[in-house]
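Heads up, the thing below is written out as C-alpha cells.
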Amino acid sequence: MKKPNVVFICTENSARSLIAEAITRQKYSDRFNVFSVGTAPTAPDERATTALQQHGFDTEGLSSKAFAALGDLAIDYAIILCDKAKQECAQGLTAKHILSWDFPDPKTGKTIKAFDTTIHELADRLKMFVLLFDKESK
Numbered sequence: 015m016k017k018p019n020v021v022f023i024c025t026e027n028s029a030r031s032l033i034a035e036a037i038t039r040q041k042y043s044d045r046f047n048v049f050s051v052g053t054a055p056t057a058p059d060e061r062a063t064t065a066l067q068q069h070g071f072d073t074e075g076l077s078s079k080a081f082a083a084l085g086d087l088a089i090d091y092a093i094i095l096c097d098k099a100k101q102e103c104a105q106g107l108t109a110k111h112i113l114s115w116d117f118p119d120p121k122t123g124k125t126i127k128a129f130d131t132t133i134h135e136l137a138d139r140l141k142m143f144v145l146l147f148d149k150e151s152k
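Dropping the structure here:
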C-alpha cells in the first residue's frame with residue numbers, strides 16, 4: 015500500500031507546522047510521507063528547533079517552505095494548524111482530506127515553555143490521528 019502524503023500548513027512554517035513535521039517524520043514515517051509548508055514562510059524559529067531537540071526529535075533538514083514548493087504533490091491529508099492559514103489557503107487547497115487544528119502560536123510566548131506545550135499537544139493530537147488512520151486502514 016502506498017503511504018499517504020500528509021502536509022502540515024501554518025502561516026510562517028516556522029514553528030507549529032515544523033514541529034508537527036518533525037514529530038510525524040520521527041514517529042510515523044512508516045505510515046506517511048510528511049511535509050510542511052507556510053502560506054507566508056519565514057525562517058524556522060530557533061526556539062522551536064531547540065525545543066524539538068530537547069525532546070529528542072531530529073531537526074536535520076527542517077526548513078520553512080512556501081506552499082508552492084509542493085508542486086503537483088497529491089495531498090492525502092492537509093492538516094492546517096492555524097485559522098489564518100485556513101483562510102489564506104481555503105480557495106486553492108486540494109486534498110483528499112482537510113483537517114483544521116487551530117493551535118496557538120508558541121512564538122507569542124516569551125519563553126521556550128510555550129514550544130514545549132505545543133510539542134506535547136501536537137504529539138497527543140497526532141497520536142489520535144494515527145489511531146484513527148490505522149483503524150480506517152484495516
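All residue numbers for the sequence shown refer to the working numbering, where the first residue is 15 and numbers rise by one. Just so you know, even glycine gets a beta-carbon here, dropped at the ideal spot from N, CA and C.
With distances taken between CB atoms, is the gap from residue i to residue j smaller than 8 Å?
i, j, result
"Val51", "Phe71", "no"
"Cys24", "Leu113", "no"
"Arg30", "Phe117", "yes"
"Lys17", "Arg45", "yes"
By a C-beta neighbour count over all protein chains shown, 10 Å radius and 16 as the cutoff for buried, is residue i buried or exposed?
i, result
"Asp59", "buried"
"Thr132", "buried"
"Thr64", "exposed"
"Leu66", "buried"
"Glu150", "exposed"
"Leu32", "buried"
"Ala57", "exposed"
"Thr122", "exposed"
"Thr125", "exposed"
Leaving out five residues on either side along the sequence, give the residues of the same chain with a beta carbon under 6 Å from the beta carbon of residue i.
i, result
"Glu89", "A quick correction: the sequence has Ile, not Glu, at residue 89. So the qualifying residues of the chain are Asn19, Val21, Ala109."
Based on the DSSP secondary-structure assignment, which residues constitute the bridge partners of residue i?
i, result
"Ile93", "Phe22, Leu113"
"Asn47", "Asn19"
Strictly under 8 Å for the Cβ-Cβ distance: is residue i near chain D by that measure?
i, result
"Asn47", "The chain labelled as chain D is not found in the depicted structure, where only one protein chain is given."
Can you tell me whether residue i sits near the ligand GTP, meaning its C-beta is under 7 Å from at least one heavy atom of the ligand?
i, result
"Ile112", "Absent from the structure shown: the ligand GTP. Ligands present: none."
Which residues in the same chain as residue i place their Cβ atom closer than 7 Å to its Cβ, once the five residues preceding and following it in sequence are excluded?
i, result
"Gln101", "none"
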